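>
Numbering (UniProt numbering), first residue to last: 1 to 648.
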């Protein structure tokens, strides 16, 4: 708020200029054009999801761990992995991928290995190499872990039944799938050793593949059942064909800690080194997370942090992402059963300071909704708002009575915004979605508009949803005003009338990446809004076609990166005051409307500055603007009658 001051007969007359723009409630993820894909009924289609691209083709890879398999019809509910083409697929069909397993319920996998594939939960986890045309890892936790070559899928319930009833060993199984999504998948059974019959005391029940992550050359697999469910982590170097795991004596995990329930990898200690993080959500009842360095063929602990509440499941979800663009990966740790009333959930954010030093920076809670399980899934989704910082999505799949929700948070120079910028409600997208937010994938531009998109699984509705990001247009607006007005001396003349007035100059230009070269911008300039809201006469007016009006509605054509200015004269009514007048001028900026087109329409941001006597006042924060949903922002800045000094 900028008062324009002059004195008359010892009475201070003050004028105020208010500044506001329309605020978008939905930010730049488009909810009006979701792409929803469905899988077989009761298959848990969407329990895991992965965005993938290869050779200019975009795919969604979807795990359905309770599905029957077309390629393994003799196996009871082994689970399946589906691929859904994003373009040229108007019916949104998804087809099962042939991982080359054959149709036998039993398969040989070593000298003393006979795999039982019934109910192996193929597709329980999915991971992708973080590069163009990356391989895929697919997990099965009740057999062994199955990886997809440059992508991976796992089946943590895959079982070794070589020793028949004497020893049934749920090793888990993973497959590495080629980026082409064709050809034979490479199997990984990290917990199997020939002639090893030991059960719980080592890796007999490790269930590798319940969680997995894929770097340039490392495959990281969680194995929470090893050592009587103390758990461990298995790291496979694809280049050197070697396995790494932590020395169980070097960590303080206890039985039933479930170390490896969640895993991730990042540059925690140095921009040039890859470190591995693993969660143990049942450690001492409160949960724990570890970071390991890869040294001399083993994993060496460099950091650990514990949860703060019994039963919160701290460490059951992890995400490595560089939030503040310092070259080091930061760590988000989910505790989805953290409770004030019941299982609202929360996420702890740790910023990397280098050399293994991690500093707790924030605790995120979403809306703290009852039984939401906020933090069940956490995913880095890229820089969706084009501000130079990485963003994250956090799932709360049980919120809204199992409808589910996903919260979007933005990285910034200080780490992460404490308040979410956008909340995606499953039932607002489609009433049939359930457990929306159990799985999340991002960082891939799925529609070719230059911005990363977000895909979310809703496995109890056997669905996944692709939500596309809109290009961001930033409109810079400068408003030039006199620092003061002497209302005792008329400045304008109209016919025989001497009038008090002042000039307002509004200058705009827009910028953005992958946006149109020209836009039509609709905005209005409104006088004395408080009086209008109270149905009282305005004390400030404009003139148009010889008539007095209190609002100027304008349309302005703008070319990218080229400023255009408009000048207006505002008139002050000279009589009828019983109090010091507070005439107000407000500028509203509205986004242009676009017809439905190939991509979601651009999203508008506003950056405003108020200039007095050639001096620029502090810049307002970037504010999203939209033509359909409005809210008010006011800039407050006090100026005295002289141009030399300014009070804030």
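No residue lacks a Cβ here, since even glycine has one placed at the ideal position from N, Cα and C.
Fair warning: this is a prediction, and the values are worked out from it, not measured in the lab.
1. According to DSSP, is residue 385 part of a helix, a strand, or is it coil?
2. My guess is that residue 309 and residue 331 are in contact by the Cβ rule of under 8 Å, so how many angstroms apart are they, rounded?
3. Classify residue 363 as buried or exposed, calling it buried when 16 or more other Cβ atoms lie within 10 Å of its own Cβ.
4. In the DSSP assignment, what are the bridge partners of residue 493?
5. Give the secondary structure of residue 533 by DSSP, where H, G and I count as helix, E and B as strand, and everything else as coil.
6. Take the Cβ of residue 512 as the centre, count every other Cβ of all protein chains shown within 10 Å, and call the residue buried at 16 or more, exposed below.
7. Near residue 274, what residues of its chain come up, given a Cβ to Cβ distance below 6 Å and the 5 sequence neighbours on each side ignored?
8. Quick check: what's the CA-CA separation for residue 405 versus residue 503?
9. What does the alpha-carbon distance come out to for the pair residue 532 and residue 425?
10. Excluding the 5 residues preceding and the 5 following residue 69 in the sequence, name in chain order all residues of the same chain whose CB lies nearer than 6 Å to its CB.
11. When you compare only the Cα positions, how much space is there between residue 189 and residue 181?
12. Ignore the nearest five residues each way along the sequence and tell me which others in residue 148's own chain have a CB closer than 7 Å to its CB.
13. For residue 551 and residue 542, what's the separation of their Cα atoms in angstroms?
14. With the cut-off set at 9 Å, would you say residue 303 and residue 344 are in Cβ contact?
15. For residue 120, count neighbouring C-beta atoms within 10 Å of its own C-beta (all shown protein chains included) and say buried if the count is 16 or more, exposed if not.
16. Would you kindly work out how many angstroms separate the C-alpha atoms of residue 554 and residue 534, rounded to a whole number?
17. Beta carbon of residue 299, beta carbon of residue 276: below 9 Å?
18. Kindly indicate which residue of 348, 354, 361 and 46 has the alpha-carbon position closest to the one of residue 328.
19. Express the C-alpha separation of residue 316 and residue 44 in angstroms, rounding to a whole number.
20. Using 10 angstroms around the beta-carbon of residue 489, count the other beta-carbons present and answer buried if the total reaches 16, otherwise exposed.
21. For a quick check, are the C-beta atoms of residue 392 and residue 319 less than 9 Å apart?
22. Counting C-beta neighbours from all protein chains within 10 Å, is the total for residue 325 16 or more, i.e. buried, or is it exposed?
23. Quick one: residues in its chain with C-beta nearer than 7 Å to the C-beta of residue 313, no 5 flanking neighbours on either side, listed in chain order?
24. Since I believe residue 210 is in contact with residue 125 (beta carbons under 8 Å), could you give me their beta-carbon distance rounded to a whole number of angstroms?
25. Anyone know if the C-beta pair for residue 411 and residue 323 falls short of 9 Å?
26. Where residue 321 and residue 390 are concerned, what is the direct C-alpha to C-alpha distance, given to the nearest angstrom?
27. Measure from the alpha carbon of residue 414 to the alpha carbon of each residue in 117, 442, 350 and 118, then state which is nearest.
28. Would you identify the three-state DSSP class for residue 121, choosing helix, strand or coil?
29. For residue 368, I'd like the list of residues in its chain whose CB is within less than 6 Å of its CB, leaving aside the five on either flank, ordered along the chain.
30. How long is the line joining the alpha carbons of residue 102 and residue 74, rounded to whole angstroms?
31. Run the CB neighbour count on residue 565, radius 10 Å, all protein chains shown included, and call it buried at 16 or more, exposed below.
32. Just how far apart, CA to CA, sit residue 480 and residue 568?
33. In chain order, which alpha helix (DSSP H) runs of at least 4 residues are fully inside the UniProt repeat "FG-GAP" (361-418)?
34. What is the DSSP secondary structure of residue 315, reduced to helix, strand or coil?
35. Just to confirm before moving on: does the CB-CB distance between residue 508 and residue 477 stay below 9 Å?
36. What's the gap between the Cα of residue 170 and the Cα of residue 32?
Short version:
1. As a first step, residue 385 must be located in the chain shown, where it is residue number 385. Residue state, collapsed to three classes: coil.
2. To locate residue 309, count along the chain shown from 1; it is residue 309. To locate residue 331, count along the chain shown from 1; it is residue 331. No, residue 309 and residue 331 are not in contact; Cβ-Cβ is about 19 Å, not under 8 Å.
3. Numbered from its first residue, the chain shown carries residue 363 at position 363. With fewer than 16 Cβ atoms within 10 Å of its Cβ, residue 363 is classed as exposed.
4. The residue given as residue 493 occupies position 493 in the chain shown. 498.
5. Here residue 533 is taken as the residue at index 533 of the chain shown, counted from 1. Correct three-state label for residue 533: helix.
6. The count along the chain shown starts at 1 and reaches residue 512 at position 512. It counts as buried.
7. Counting from one through the chain shown, the residue named residue 274 turns up at place 274. If we look at residue 274 and ignore the five residues flanking it on each side, its Cβ neighbours are 215 and 265.
8. The residue you call residue 405 lines up with position 405 of the chain shown. The residue you call residue 503 lines up with position 503 of the chain shown. Roughly 48 Å separates the two Cα atoms.
9. As a position in the chain shown, residue 532 is number 532, starting the count at 1. As a position in the chain shown, residue 425 is number 425, starting the count at 1. Roughly 36 Å separates the two Cα atoms.
10. Here residue 69 is taken as the residue at index 69 of the chain shown, counted from 1. Result list for residue 69: 78 and 80, in chain order.
11. The residue labelled residue 189 in the question sits at position 189 within the chain shown. The residue labelled residue 181 in the question sits at position 181 within the chain shown. Their backbone Cα atoms lie some 21 Å apart in a straight line.
12. Position 148 of the chain shown holds residue 148. With a pLDDT of 36 at residue 148, under the threshold of 50, the predicted position of this residue should be treated as unreliable, though the coordinate-derived value follows. Only 135, 136, 137, 138, 175, 176, 177 and 185 meet the Cβ criterion.
13. Counting from one through the chain shown, the residue named residue 551 turns up at place 551. Counting from one through the chain shown, the residue named residue 542 turns up at place 542. Looking at the two C-alpha atoms, the distance is approximately 7 Å.
14. Here residue 303 refers to the residue found at position 303 when the chain shown is read from its first residue. Here residue 344 refers to the residue found at position 344 when the chain shown is read from its first residue. Against a cut-off of 9 Å, the Cβ pair of residue 344 and residue 303 comes out as no contact.
15. Here residue 120 refers to the residue found at position 120 when the chain shown is read from its first residue. Answer is buried; the Cβ neighbour count reaches 16.
16. Indexing the chain shown from 1 puts residue 554 at position 554. Indexing the chain shown from 1 puts residue 534 at position 534. About 24 Å.
17. Residue numbering aside, residue 299 sits at position 299 when the chain shown is read from its first letter. Residue numbering aside, residue 276 sits at position 276 when the chain shown is read from its first letter. Yes, Cβ-Cβ distance for residue 299 and residue 276 is below 9 Å.
18. Position 328 of the chain shown, counted from the start, is the residue given in the question as residue 328. It is 354.
19. Here the question's residue 44 lines up with position 44 in the chain shown. Here the question's residue 316 lines up with position 316 in the chain shown. Straight-line Cα distance between these residues: approximately 20 Å.
20. If you number the chain shown from 1, residue 489 lands on position 489. Its Cβ having fewer than 16 others within 10 Å, residue 489 is exposed.
21. For the purposes of this step, residue 392 is taken as the residue at position 392 of the chain shown. For the purposes of this step, residue 319 is taken as the residue at position 319 of the chain shown. A contact, by the Cβ cut-off of 9 Å.
22. Here residue 325 refers to the residue found at position 325 of the chain shown. When all chains shown are included, residue 325 counts as exposed.
23. Counting from one through the chain shown, the residue named residue 313 turns up at place 313. Cβ neighbours of residue 313 beyond the five flanking positions: 281, 287, 335, 336 and 337.
24. For the purposes of this step, residue 125 is identified with residue 125 of the chain shown, where counting begins at 1. For the purposes of this step, residue 210 is identified with residue 210 of the chain shown, where counting begins at 1. With 8 Å as the limit, residue 125 and residue 210 qualify as a contact, their Cβ atoms being about 6 Å apart.
25. By 1-based counting over the chain shown, the position of residue 411 is 411. By 1-based counting over the chain shown, the position of residue 323 is 323. Yes; because the gap between Cβ atoms is below 9 Å, this pair is in contact.
26. The count along the chain shown starts at 1 and reaches residue 321 at position 321. The count along the chain shown starts at 1 and reaches residue 390 at position 390. If you take the alpha carbons of residue 321 and residue 390, they lie about 7 Å apart.
27. On the chain shown, position 414 is the one that residue 414 refers to. Nearest C-alpha to residue 414: 350.
28. If you number the chain shown from 1, residue 121 lands on position 121. Three-state DSSP puts residue 121 in coil, outside helix and strand.
29. What you label residue 368 is simply residue 368 of the chain shown in a count that begins at 1. Cβ within range, chain order: 344.
30. Locating residue 102 in the chain shown gives position 102, where the first residue counts as 1. Locating residue 74 in the chain shown gives position 74, where the first residue counts as 1. Going from the Cα of residue 102 to the Cα of residue 74 covers about 9 Å.
31. Stepping through the chain shown from its first residue, residue 565 is reached at position 565. Residue 565 should be labelled exposed.
32. Residue 480 sits at position 480 when you count from the first residue of the chain shown. Residue 568 sits at position 568 when you count from the first residue of the chain shown. Between residue 480 and residue 568, the C-alpha separation is close to 10 Å.
33. 399-402
34. As a first step, residue 315 must be located in the chain shown, where it is residue number 315. Residue 315 falls in the coil class under three-state DSSP.
35. Along the chain shown, one-based indexing puts residue 508 at 508. Along the chain shown, one-based indexing puts residue 477 at 477. For residue 508 and residue 477, yes; Cβs fall inside 9 Å.
36. Translated into the one-based positions of the chain shown, residue 170 becomes position 170. Translated into the one-based positions of the chain shown, residue 32 becomes position 32. So the alpha carbons of these two residues sit roughly 44 Å apart.
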